[in-house]
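K.L.:
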Amino acid sequence: MPTENVSERFADIDNWSTHSTVSAMFEAQLSAIAAIGPELATIAHAAEAASRRLMEGGRLVYAGAGTSGRIAVQDGVELGPTFGWPAARVAYALAGGRDALVGSVELAEDDAEAAAHDLDKIAVAKNDVLVGVAASGRTPYTVGAIEKANGAGALTIGIANNRPSPLLDKAQIGICAETGSEVIAGSTRMKAGTAQKAILNLFSTATMIRCGRVYQGLMVDMVISNRKLKTRAVEIVGRLAGVDNAVAEAALDAAGGNIKLGVLCALGMELDEAERLLSRRKGILRDAVIEMNENSASRKEDRK
Numbered sequence: 500m501p502t503e504n505v506s507e508r509f510a511d512i513d514n515w516s517t518h519s520t521v522s523a524m525f526e527a528q529l530s531a532i533a534a535i536g537p538e539l540a541t542i543a544h545a546a547e548a549a550s551r552r553l554m555e556g557g558r559l560v561y562a563g564a565g566t567s568g569r570i571a572v573q574d575g576v577e578l579g580p581t582f583g584w585p586a587a588r589v590a591y592a593l594a595g596g597r598d599a600l601v602g603s604v605e606l607a608e609d610d611a612e613a614a615a616h617d618l619d620k621i622a623v624a625k626n627d628v629l630v631g632v633a634a635s636g637r638t639p640y641t642v643g644a645i646e647k648a649n650g651a652g653a654l655t656i657g658i659a660n661n662r663p664s665p666l667l668d669k670a671q672i673g674i675c676a677e678t679g680s681e682v683i684a685g686s687t688r689m690k691a692g693t694a695q696k697a698i699l700n701l702f703s704t705a706t707m708i709r710c711g712r713v714y715q716g717l718m719v720d721m722v723i724s725n726r727k728l729k730t731r732a733v734e735i736v737g738r739l740a741g742v743d744n745a746v747a748e749a750a751l752d753a754a755g756g757n758i759k760l761g762v763l764c765a766l767g768m769e770l771d772e773a774e775r776l777l778s779r780r781k782g783i784l785r786d787a788v789i790e791m792n793e794n795s796a797s798r799k800e801d802r803k
């Protein structure tokens, strides 16, 4: 298995200078990112397929064990503050449970039945999207999670670093960054982990964009949890509505801190009207602004 292979190049790495060691590891990290290139079209396909399920009310479910599981959890946790993704619509199946976030849980990754049990507790359904991550592509827990989710009719996406592998075979969409052997043989927290994190960044961000959580490159569903983010939110409203910060802040406050509604209010809409428009447009601000502008143009034409 390539990710477990020993590279003769690094056989004496413990005798190298620290600078040479760091340089070699840096080079390896760059190669890990480069390994993602051939998979970009598949990542885009996965994001489009996932967004369709999520727009129908589905959830994102992350599954994995060890390093891969912790990387997957990290991606999911960031969706709330960055994109305002509801906590109730992201779930985790981590081999060994919460204890595995901060330590190793013996034999947990080998228990495929535990994965099925964990997904039963989550109650995975047809509109859900399960993302399973495993460097080897053969971790029993993660493969078991994919199989269970397939049986429930969910969309399944597998991310691995070895091909061929059971995870990629069983997932409906398989993404494989073939990162090869590690500088330290078998330490997949390095090259393989870097590639996994980057793939998840690309996938989840593209998915959130397709779900309307980004407008004009800005985080319009961002959760305001401190003064820095309040300042950023005011600037976002001001930029998108073309108003000064005082007007933007007043509109944002009137909208209860909701950036999308704040933009529409700053553009002249009443809050209840803005809420109806945004709901009608399934929360997609671009579509809401287009409809608002079309209605405004139509009213002007009628007055002529």
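Per our numbering, the very first residue in the sequence shown carries number 500; after that it's consecutive. Even for Gly, the Cβ is constructed at its ideal location relative to N, Cα and C.
Throw me the rounded Cβ distance for the residue 570 and residue 632 pair, which I believe falls under 8 Å.
P.N.:
That pair is a contact at about 7 Å.
K.L.:
Can you tell which of 509, 767 and 576 has the C-alpha that lies nearest to the C-alpha of residue 559?
P.N.:
Checked all of 509, 767 and 576; the closest Cα to residue 559 is 576.
K.L.:
On the DSSP letters alone, give me the boundaries of the alpha helix (DSSP H) that residue 611 sits inside.
P.N.:
Counting along the chain, the alpha helix (DSSP H) containing residue 611 begins and ends at 611–621.
K.L.:
Per DSSP, which one or two residues make a beta bridge with residue 655?
P.N.:
Paired residue(s): 629.
K.L.:
Considering only residues of the same chain and omitting the five flanking positions on each side of residue 639, which have a CB-CB separation below 6 Å?
P.N.:
These residues qualify, in order along the chain: 609 and 611.
K.L.:
Measuring straight from C-alpha to C-alpha, what distance separates residue 717 and residue 511?
P.N.:
Rounded to the nearest angstrom, the two C-alpha atoms are 48 Å apart.
K.L.:
CA-CA distance, residue 750 and residue 627?
P.N.:
Distance between the alpha carbons of residue 750 and residue 627 is about 35 Å.
K.L.:
Assuming residue 534 and residue 705 make a contact with CB atoms under 8 Å, what is their CB distance in whole Å?
P.N.:
No, residue 534 and residue 705 are not in contact; Cβ-Cβ is about 18 Å, not under 8 Å.
K.L.:
Starting from residue 717 and walking both ways along the alpha helix (DSSP H), at which residues does that stretch end?
P.N.:
Segment: none, residue 717 is in no alpha helix (DSSP H) and carries neither H nor E.
K.L.:
Who are residue 560's beta bridge partners in DSSP?
P.N.:
590 and 629, per the DSSP bridge assignment.
K.L.:
What residue from 513, 654 and 593 has the CA that sits closest to residue 555's CA?
P.N.:
Considering only alpha carbons, the answer is 654.
K.L.:
In this structure, how does DSSP classify residue 650 when only helix, strand and coil are distinguished?
P.N.:
Helix at residue 650.
K.L.:
Run through the DSSP bridge pairs and tell me what residue 758 is partnered with.
P.N.:
None, per the DSSP bridge assignment.
K.L.:
Taking the CB atoms as reference points, tell me whether residue 729 and residue 735 lie closer together than 8 Å.
P.N.:
The answer is no: Cβ separation not under 8 Å.
K.L.:
Since residue 779 contacts residue 546 with CB under 8 Å, what's their CB separation in whole angstroms?
P.N.:
Residue 779 to residue 546, Cβ: 25 Å. No contact.
K.L.:
The alpha helix (DSSP H) spanning residue 692 covers which residue range?
P.N.:
690–709 is the extent of the alpha helix (DSSP H) around residue 692.
K.L.:
Grab me the residues of residue 509's own chain with a C-beta within less than 6 Å of its C-beta, minus the 5 sequence neighbours each way, in chain order.
P.N.:
Counting only Cβ-Cβ distances below 6 Å, and skipping sequence neighbours, we find 682.
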